[in-house]
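J.: So the sequence shown is residues 1 to 344, counted in the numbering used here.
For glycine and all other residues, C-beta sits at the position ideal for the given N, C-alpha and C.
What you are looking at is a predicted structure, and each value in this text was computed from that prediction instead of being measured.
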Amino acid sequence: MNILIVGPSWVGDMVMAQTLFQCLKQRHPECAIDVLAPEWSRPILERMPEVRQALSFALGHGALELATRRKIGKSLKGQYDQAILLPNSLKSALVPFFAGIPKRTGWRGEFRYGLLNDVRKLDKERYPLMIERFMALAYAPGADLPRPYPRPALQIDPGSRAAALDKFGLALDRPVLALCPGAEFGESKRWPSEHYAAVAEQKIREGWQVWLFGSKNDHGVGEDIRSRLIPGLREESVNLSGETSLAQAIDLLSCADAVVSNDSGLMHVAAALNRPLVAVYGSTSPGFTPPLADKVEIVRLGLDCSPCFDRTCRFGHYNCLRELMPQPVVEALQRLQGSVVEVN
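Here you go:
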């Protein structure tokens with residue numbers, strides 16, 4: 001049985017999609033799973049043993065490109081028994097339709113009747129978690145999901161990891177605190193730089209080193225955090241934001257002894273690497289896309305105005321993050337490390 005998955009467009013969602021792949025393998029151990037997704041997602045998919053291959057095609061973000069999608073679909077004709085669509089968009093249904101895949105499964109969405117022939121109606125109360133909404137597509141409509149739920153688990157090649165350490169001149173002679181201060185979604189997910197810097201200073205004084213991760217857009221935030229460290233401490237940190245490929249970032253994150261992250265794609269990567277993780281939430285909620293790992297501490301204020309899920313604060317104050325001080329995060333790190341702390 002060959003299955004084509006049309007994958008999501010965000011890093012965190014792609015990581016969480018592994019729960020669907022695991023369910024499919026549990027139901028059909030001999031099935032082959034290919035994932036149609038943007039090229040950037042290849043390093044994630046290559047670290048999922050359930051995935052046979054990642055398929056990427058040059059398509060503009062958000063563009064319909066009907067002729068191109070028809071051409072891609074025709075090139076896949078006769079290769080798959082089922083397609084499962086994770087996005088709810090109309091355009092995501094076009095390639096499986098043009099490929100003539102016999103069974104095309106997805107949630108009811110953007111005018112997709114006719115393009116899908118296994119259309120599901122989503123009960124958000126029954127499936128409050130994103131992973132539940134992914135996993136449910138592996139089963140018949142209305143079926144109970146098996147528990148315990150699978151968790152994303154990315155596999156790291158030791159040789160690839162060693163090459164990344166060598167490329168950036170990194171050593172593992174001291175514990176590594178990884179900071180992920182970025183958030184592609186918007187400012188409403190960004191814990192302030194001064195708070196990250198305070199946590200970095202605390203851990204460096206305890207003998208740790210600090211690695212900062214993120215995209216090119218996060219490089220300035222990383223430099224801002226480092227600039228707040230005094231000379232002598234600053235040298236114990238390195239800003240890798242925008243310097244690494246996603247593949248290298250995944251491999252280097254696997255070296256971390258602890259991670260502090262906003263609600264972001266890298267948060268889900270760290271969880272899928274089973275790193276001890278402190279997840280800082282502001283405008284969003286762990287009730288929909290929580291990090292899935294053994295050792296996780298979620299820190300949030302839970303103000304009346306949150307979660308709002310807005311990209312920018314409608315009140316302009318961002319208090320859900322600004323008023324979340326470093327000390328609760330430091331204490332959460334200590335709990336993850338097994339240290340006894342006094343919590344006021």
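Could you spell out where the alpha helix (DSSP H) holding S75 opens and where it closes?
T.: What you label residue 75 is simply residue 75 of the sequence shown in a count that begins at 1. Segment L66 to S75, the alpha helix (DSSP H) holding S75.
J.: Contact defined as beta carbons within less than 8 Å: I believe H286 pairs with A271. What is the distance between those atoms, to the nearest angstrom?
T.: Translated into the one-based positions of the sequence shown, residue 286 becomes position 286. Translated into the one-based positions of the sequence shown, residue 271 becomes position 271. The amino acid at residue 286 is misidentified as His; the sequence shows Pro. In fact, because the Cβ distance is near 11 Å, the residues do not count as touching under 8 Å.
J.: Please classify H317 as buried or exposed, where buried requires at least 16 neighbouring CB atoms within 10 angstroms.
T.: Against the sequence shown, residue 317 aligns to sequence position 317. So H317 ends up on the exposed side.
J.: Report yes if the C-beta distance between I225 and L233 is below 8 Å; otherwise report no.
T.: Here residue 225 refers to the residue found at position 225 of the sequence shown. Here residue 233 refers to the residue found at position 233 of the sequence shown. Not a contact, by the Cβ cut-off of 8 Å.
J.: Let's test the definition: count the other Cβ atoms within 10 Å of the Cβ of S254 and tell me whether it reaches 16, buried, or not, exposed.
T.: Counting from one through the sequence shown, the residue named residue 254 turns up at place 254. By the 10 Å Cβ count, S254 comes out buried.
J.: How many angstroms separate the CA atom of V15 from the CA atom of V35?
T.: Mapped onto the sequence shown, residue 15 falls at position 15. Mapped onto the sequence shown, residue 35 falls at position 35. Taking the straight line from one Cα to the other gives about 12 Å.
J.: Could you check if F168 is buried or exposed, using at least 16 other CB atoms within 10 Å of its CB as the buried criterion?
T.: Your numbering for residue 168 matches position 168 in the sequence shown. Its Cβ having fewer than 16 others within 10 Å, F168 is exposed.
J.: Mapping DSSP to helix, strand and coil, what is G106?
T.: For the purposes of this step, residue 106 is identified with residue 106 of the sequence shown, where counting begins at 1. G106: strand per DSSP, three-state reduction.
J.: Please return the same chain residues whose Cβ sits closer than 7 Å to the Cβ of T284, not counting the five positions on each side in sequence.
T.: Sequence index remark: in the sequence shown, residue 284 carries index 284 (1-based). Taken in chain order, the residues that qualify are K189, D263, P307 and F309.
J.: According to DSSP, C180 sits in a beta bridge with which residue or residues?
T.: Looking up residue 180 in the sequence shown gives position 180. DSSP, once it has assigned bridges, lists S261 as partnering C180.
J.: What span of residues does the alpha helix (DSSP H) with S215 cover, start to end?
T.: In the sequence shown, counting from the first residue as 1, residue 215 sits at position 215. That residue, S215, is in no alpha helix (DSSP H); it is neither H nor E in DSSP.
J.: I'd like the span of the alpha helix (DSSP H) that includes I131, first residue to last.
T.: Residue numbering aside, residue 131 sits at position 131 when the sequence shown is read from its first letter. Segment M130 to M135, the alpha helix (DSSP H) holding I131.
J.: Have a look at V278 and G222 and give me their C-alpha separation to the nearest angstrom.
T.: Locating residue 278 in the sequence shown gives position 278, counting from the first residue. Locating residue 222 in the sequence shown gives position 222, counting from the first residue. V278 and G222: Cα-Cα distance of roughly 18 Å.
J.: Thinking T105 and Q82 are a contact (beta carbons under 8 Å), I'd like their distance in whole angstroms, please.
T.: Counting from 1 along the sequence shown, the entry for residue 105 is found at position 105. Counting from 1 along the sequence shown, the entry for residue 82 is found at position 82. Contact flag correct, Cβ pair sits at about 6 Å.
J.: Give me the Cα-Cα distance between M130 and F288, rounded to the nearest whole angstrom.
T.: Along the sequence shown, read from residue 1 onward, the residue named residue 130 stands at position 130. Along the sequence shown, read from residue 1 onward, the residue named residue 288 stands at position 288. Each residue's alpha carbon lies about 6 Å from the other.
J.: What is the rounded straight-line gap between the Cα of C313 and the Cα of E187?
T.: For the purposes of this step, residue 313 is identified with residue 313 of the sequence shown, where counting begins at 1. For the purposes of this step, residue 187 is identified with residue 187 of the sequence shown, where counting begins at 1. Cα to Cα, the separation comes out at about 8 Å.
J.: So S89 and G109 are supposed to be a Cβ contact under 8 Å. How far apart are they, rounded?
T.: Position 89 of the sequence shown, counted from the first residue, corresponds to residue 89. Position 109 of the sequence shown, counted from the first residue, corresponds to residue 109. Indeed they touch by this definition, with Cβ atoms about 7 Å apart.
J.: Relative to the C-alpha of L122, which candidate in S227, L86, Q79 and P96 has its C-alpha closest?
T.: Counting from 1 along the sequence shown, the entry for residue 122 is found at position 122. Nearest C-alpha to L122: L86.
J.: Indicate the three-state DSSP secondary structure (helix, strand or coil) for G279 in the structure shown.
T.: Here the question's residue 279 lines up with position 279 in the sequence shown. Reading off the sequence shown, one finds Ala at residue 279, where the question assumed Gly. DSSP places A279 in strand when its eight states are reduced to three.
J.: Which same chain residues, not among the five before or five after K91, have their C-beta less than 6 Å away from its C-beta?
T.: By 1-based counting over the sequence shown, the position of residue 91 is 91. Here the set comprises L64.
J.: Could you say which of L165, P38, G78 and E30 lies nearest to P49 if we only look at CA atoms?
T.: By one-based count along the sequence shown, residue 49 stands at place 49. Of the candidates L165, P38, G78 and E30, the one whose C-alpha sits nearest the C-alpha of P49 is E30.
J.: Hey, C320 and L301: beta-carbon distance below 8 Å or not?
T.: Stepping through the sequence shown from its first residue, residue 320 is reached at position 320. Stepping through the sequence shown from its first residue, residue 301 is reached at position 301. Going by C-beta atoms, C320 is nearer than 8 Å to L301.
J.: Rounded C-beta distance between I250 and L154? I'm assuming under 8 Å.
T.: Counting from one through the sequence shown, the residue named residue 250 turns up at place 250. Counting from one through the sequence shown, the residue named residue 154 turns up at place 154. With a Cβ gap of about 6 Å, I250 and L154 count as contacting.
J.: Let me check understanding here. Comparing Cα to Cα, which of L66, I84, A58 and F97 lies closest to L76?
T.: Counting from 1 along the sequence shown, the entry for residue 76 is found at position 76. Of L66, I84, A58 and F97, the residue nearest in Cα terms is F97.
J.: In whole angstroms, what is the alpha-carbon distance linking P152 and S241?
T.: Here the question's residue 152 lines up with position 152 in the sequence shown. Here the question's residue 241 lines up with position 241 in the sequence shown. The straight-line gap from Cα to Cα measures roughly 24 Å.
J.: Measure the beta-carbon distance from R42 to A54 and round it to whole angstroms, keeping in mind my assumption that it falls under 8 Å.
T.: Sequence index remark: in the sequence shown, residue 42 carries index 42 (1-based). Sequence index remark: in the sequence shown, residue 54 carries index 54 (1-based). 5 Å between Cβ atoms; contact.
J.: On a Cα-Cα basis, can you pick out the residue from D294, C180 and R52 that is closest to L252?
T.: On the sequence shown, position 252 is the one that residue 252 refers to. Residue C180 is the option with its Cα nearest to L252.
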